[in-house]
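Each residue of the sequence shown is one higher than the one before, starting from 1 at the first, in full-length UniProt numbering.
We put the beta carbon where it would ideally sit given N, CA and C, even for glycine.
Working notes for the structure below.
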Amino acid sequence: MSDLNATFEAAVANSKNLSERPDNATLLKIYALYKQATVGDNTEKKPSFSDMVGRAKWDAWEKLKGTDADGAKQQYVDLIASLS
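What follows is the structure, encoded as structure tokens:
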């Protein structure tokens with residue numbers, strides 16, 4: 001299992017050095033997968049309607065509810081690899 005953790009940590013580092021900035025939808029997916037992999041299911045209060053960015057992040061993370069940490073880590077690794 002530590003192999004996946006090491007690969008995930010390497011992907012997190014690589015995500016900061018992408019040659020181009022991903023589109024907003026991809027950035028939300030990266031954020032949501034990271035949060036699901038590191039924190040688990042979203043238990044935070046939904047941001048107010050006026051906080052559009054916070055709401056978009058919250059919604060993206062909420063869609064991954066029930067995904068286990070290892071599954072989220074693998075999806076994150078695969079996504080970053082496809083962008084590199």
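Separation of residue j from residue i, as counted between CA atoms
i	j	result
N42	A60	10 Å
R55	K65	16 Å
A37	M52	23 Å
A10	K45	30 Å
L79	I30	8 Å
S82	L4	17 Å
Y34	Y76	7 Å
Three-way DSSP call (helix, strand, coil) for residue i in this model
i	result
L64	coil
V12	helix
G40	coil
S84	coil
N5	helix
N17	coil
D59	helix
K35	helix
D70	helix
D78	helix
Selection from the options that minimises the alpha carbon distance to residue i
i	options	result
N24	S82, V77, Q75, K57	K57
Chain-order list of residues whose beta-carbon lies under 7 Å from that of residue i (same chain, five-residue window excluded)
i	result
L28	A56, K57, A60
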